[in-house]
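Working notes for the structure below.
Protein chains in written order, with our numbering: chain A, 1 to 323; chain B, 324 to 680; chain C, 681 to 1097.
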């Protein structure tokens, strides 16, 4: 918004004040995220800038906090770093285990949420859908209902949701359930909980993509002899794929960032990165937390770039002119 | 179905960390590390069984919640003395057979070797620890440093933030001792409504300056970061920070509240037999001694103290750093399990309400 | 009735068109519904059922009912007894149950149940149970000899009510009510906490919403009026925080705001505050408000931006050309058009803030705790029913706001990024 030529001096002054205010708000938004990056290279166990850091003395900086991410939980952290040392890191290091858990839980939760969510979004965006508003409100509600309430409910229910480990269901899902065959303290429990939390995001993004979708394309496909399967994979899917992927990314990030449900329903085997961070922050915030934070910031920059590219592609595909 | 089974097993093995055999829930930080070194690693070496440690701010309520939800994932938990008795009364814990505890090397039966009260129906002592307060010696001149419990509450003479544990236990006793109640009188006073009011009034006088901590690892960190001028802490945590990280921390023993820390087994522990074996192994003469070499908490077996205990650095004599050293006991309070078994619920409730106001 | 006599339209195979259309429509309806069905079942099973189960727990506690069979039976037979003076047989049943509790180790369970409505009961039960097997008749006198409170009408009311498994008592407890000798009444000031925390949670959420609105409005306006290329670039400042882990942002705020943190160091370095006078901005309400405002700000900017984007600049120009001052133009022309965005953003931020847990738990200290933290506290103390009742009350408040959101804005207009 440029200033009109007829602006009075007072308006000019106000305009520049307004720009300064906006600058401050942008700073407020971004500064905390950027500040963790240099602080994570602190050579001292403080998370403020030391005098050496401020004078850009190389001695003030180090990678020691990144190193602790590999050595925490390692039985012989100071041994020679040969291939067996590294394989122990992969098998034992606390943060590496947490990262693996976060990744796999996030992946399965995303697959579950995206599959169910996309199919449902197809139904929801049909004009004939009955009780549309009510069902939509229900499916979005995991985003609105406080996570603590969901977690409390699940922690009650999942402790009772058990199958006998020697039954047929127990045999199939046994490895995903706890020792007693329950959802509580199990990978499946955490995956299900995270899928529930991710579903609203999938529904919102996919239905948004479908609003511009021309339903007559489906009829055209049918009239040309395509069966529903072909119609879905050859006509609908390519058009809504960007929406599905960005919904899936939202679902993944939701799971990857989630800690309350993990605190309430996960057992000691299901430590994830956020839970590890939560414990770390509560006990003793050391720059080790900030080094994890830095890695996560980089991950979110990559995800953001991906979503942005997808959004543009989607708009191009649907013929919506960029704003 | 078999195919699915194989597939899902393969995926899980690929995906998730292996489940451990014995899960021990303890307090994390320096204490957790000490127990890992003293109990867990030797146990793994001796038996080949896998053990993992998990942390809690306070294992007792966490474990109680598990048992009541019918969803127990820990085999052994480290709890405070009163909790070991209270939870046993409430049927949360498995009884421990005293005959399973190993005798001292000279053949003295375990029950005679342990200090009085150190073995209860459901719990065995792993160490004797204390709630003390400490300060950073660089913040106060040597001739005007705090020395008594009353000094902790004296904001005029010793300005600065205070760290306190977020809970009623040991805090109320400490407040009364800070208000001039002699250690021997503390529980008599605290048993009356006026005494409870008096303790809260004392806490009120510093409430605005208090930083509350929950996990035992927090207070040394608060001191190191300069977030507080002095803080209560578990004595071993301050000792560990001073020894291992050369922090200039000084412990004030006046007004300390000490007690036994106990290993217990929750009802429905997944690996009951292994849990009992682990406890017997850890609370042997050598186990308790090894623990006292790792952190400044005293062993509860006479035989563990037969020889002088030296810290893991190979030179520091542990005796003067233990809560039970005579010079540390001049104004000290043995935490009363009788009192806390009965009053834990109501005083904590009152404490929470007071905190929120 | 012209239509009745008219010949019915039919399809090519001779069916009435009306029926064919209805059949096709209901087929389409069913097909659409079947697409949604799997997810619906999933959500019902993993979301609605657990929440329903939680609500059931909020009305249910068998800690006393299951461990005091003699008293439960006696209360069942003597519904109209006078709590101020229960007869000796009631005391006999009580002593019998206390002795049983000691053997079966259920004192804690039973005492805890009564303790919710009558504070201090748990200690009495523990003491009473230890002594029970040594007590001799008359039991009333021997119990009172241990503790005169055994004759308290409040206690007898509490026990009578706790002899039922299902109860609404936990909602009363969660509203700071306690049993006294005459029935339910407001508890003592020093024990009141729940309604106060509810109130505080709503006030803090309100403050955060207002702060978010004040900060978001100019920024959204700038983003909406800048040319596309520039605003896309600036949008990164909004979207990056949105995509960054909540725990990352919370730990960043701790690093910034704690006493030895970056902001205080900067202020001391600039000489604005002395080294002793460092500001306390973390582990208190200030910390909670600042960190939560940062976390929730994108949820305000995004809806505001999407509304402002489509406001044509010509309206403002027209107002100016008709002689309005810039302030009047803003107040009378621009602002009213942004109201849908303000409503959407504010409600969303408020709803999310009311249920917040992580940030207050980490940076709230003692006075920055919200109602969610209290739920978690009671969960950790295994006060399931009380935690469930508080959660039930919070849920009711959230659903009311959600309903409002749906009525005002429409849930299907929720957009992300």
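Backbone N, C-alpha and C fix where the C-beta goes; we use that ideal spot for every residue, glycine too.
If you draw a straight line from the alpha carbon of residue i to that of residue j, how long is it in whole angstroms?
i	j	result
residue 296/A	residue 959/C	30 Å
residue 811/C	residue 779/C	8 Å
residue 1085/C	residue 129/A	22 Å
residue 272/A	residue 390/B	24 Å
residue 948/C	residue 954/C	6 Å
residue 534/B	residue 10/A	47 Å
residue 371/B	residue 364/B	10 Å
residue 708/C	residue 691/C	18 Å
residue 673/B	residue 583/B	25 Å
residue 1087/C	residue 572/B	60 Å
residue 929/C	residue 870/C	36 Å
residue 198/A	residue 1042/C	24 Å
residue 530/B	residue 40/A	33 Å
residue 631/B	residue 505/B	32 Å
residue 78/A	residue 98/A	21 Å
residue 689/C	residue 696/C	6 Å
residue 378/B	residue 195/A	27 Å
residue 222/A	residue 917/C	45 Å
residue 1089/C	residue 891/C	21 Å
residue 1024/C	residue 981/C	10 Å
residue 158/A	residue 431/B	48 Å
residue 229/A	residue 107/A	25 Å
residue 243/A	residue 124/A	15 Å
residue 859/C	residue 485/B	37 Å
Report the option in the options whose CA atom is closest to the CA atom of residue i.
i	options	result
residue 381/B	442/B, 576/B and 536/B	536/B
residue 259/A	307/A, 202/A, 23/A and 151/A	151/A
residue 104/A	215/A, 52/A, 265/A and 192/A	192/A
residue 1013/C	992/C, 1038/C, 773/C and 1087/C	992/C
residue 789/C	429/B, 414/B, 432/B and 425/B	414/B
residue 538/B	563/B, 490/B and 659/B	490/B
residue 238/A	16/A, 209/A and 251/A	209/A
residue 774/C	805/C, 863/C and 792/C	805/C
residue 121/A	101/A, 294/A, 204/A and 31/A	204/A
residue 824/C	768/C, 895/C, 900/C and 952/C	768/C
residue 585/B	553/B, 399/B, 374/B and 379/B	399/B
Just to confirm my understanding: we take residue i, look at its own chain, exclude 5 residues before and 5 after, and list those with CB closer than 7 Å. What are they?
i	result
residue 1078/C	1031, 1034 and 1035
residue 1071/C	734 and 1055
Which same chain residues, not among the five before or five after residue i, have their C-beta less than 6 Å away from its C-beta?
i	result
residue 885/C	1030, 1033 and 1034
residue 904/C	985, 988 and 989
residue 62/A	43
residue 809/C	778, 781, 782 and 787
residue 332/B	Here the model assigns residue 332/B a pLDDT of 43, short of 50, so the residue's position is not dependable, and the following value carries that caveat. None.
residue 226/A	none
Tell me which residues share the same chain as residue i and place their Cβ nearer than 8 Å to its Cβ, disregarding the 5 neighbours each side in the sequence.
i	result
residue 995/C	1013, 1014 and 1017
residue 218/A	231, 235 and 236
Uninterrupted alpha helix (DSSP H) stretches inside the region 811–861 of chain C (no shorter than 4 residues): For the alpha helix (DSSP H) assignment, the uninterrupted runs of no fewer than 4 residues enclosed by the region 811–861 of chain C are, from N- to C-terminal side, 819–826, 833–842 and 849–853.
Unbroken stretches of the alpha helix (DSSP H), 4 residues or longer, contained in the region 12–84 of chain A: If we require 4 residues or more, the alpha helix (DSSP H) runs fully inside the region 12–84 of chain A come out as 51–54 and 64–71.
Validate contact between the region 281–294 of chain A and the region 903–916 of chain C using beta carbons, cut 8 Å, 3 pairs: No: the two stretches stay apart, fewer than three of their Cβ pairs being nearer than 8 Å.
Continuous alpha helix (DSSP H) assignments of at least 4 residues falling wholly in the region 740–802 of chain C: When DSSP assignments are scanned along the region 740–802 of chain C, the uninterrupted stretches of alpha helix (DSSP H) that are 4 or more residues long and fall wholly within it turn out to be 749–757, 768–784 and 787–797.
Contact the region 584–599 of chain B vs the region 477–486 of chain B: 3+ CB pairs below 8 Å: Look at the beta carbons and you see the region 584–599 of chain B not touching the region 477–486 of chain B: under three pairs across the two are nearer than 8 Å.
Segment contact flag, the region 615–624 of chain B with the region 449–457 of chain B, C-beta cutoff 8 Å, min 3 pairs: Yes, since at least three Cβ pairs between the region 615–624 of chain B and the region 449–457 of chain B fall closer than 8 Å, the two stretches touch.
The region 604–623 of chain B / the region 425–440 of chain B touching (three or more Cβ pairs under 8 Å): Result yes; three or more Cβ-Cβ pairs closer than 8 Å.
Contact the region 393–405 of chain B vs the region 179–187 of chain A: 3+ CB pairs below 8 Å: Segment contact: the region 393–405 of chain B against the region 179–187 of chain A, three or more CB-CB distances shorter than 8 Å; contact assigned.
Length at least 4, wholly inside the region 368–451 of chain B: the alpha helix (DSSP H) runs in chain order: List check, alpha helix (DSSP H) in window: 382–391, 404–412 and 433–436.
Ordered list of alpha helix (DSSP H) runs contained in the region 869–911 of chain C, each at least 4 residues: With a minimum length of 4 residues, the continuous alpha helix (DSSP H) runs that stay inside the region 869–911 of chain C are 874–905.
Continuous beta strand (DSSP E) assignments of at least 3 residues falling wholly in the region 86–124 of chain A: Listed in chain order, nothing qualifies, since the region 86–124 of chain A has no complete beta strand (DSSP E) run of 3 or more residues.
Every unbroken alpha helix (DSSP H) within the region 442–528 of chain B, with a cutoff of 4 residues, ordered by chain: As far as the region 442–528 of chain B is concerned, its whole alpha helix (DSSP H) runs of at least 4 residues are 472–475, 494–501, 509–513 and 516–527.
Contact between the region 931–947 of chain C and the region 959–973 of chain C (3+ Cβ pairs under 8 Å): Flag = yes, the region 931–947 of chain C and the region 959–973 of chain C touch.
At least 3 beta-carbon pairs within less than 8 Å: the region 405–412 of chain B vs the region 631–644 of chain B: As far as the Cβ criterion goes, the region 405–412 of chain B does not touch the region 631–644 of chain B, which means the pair count is below three.
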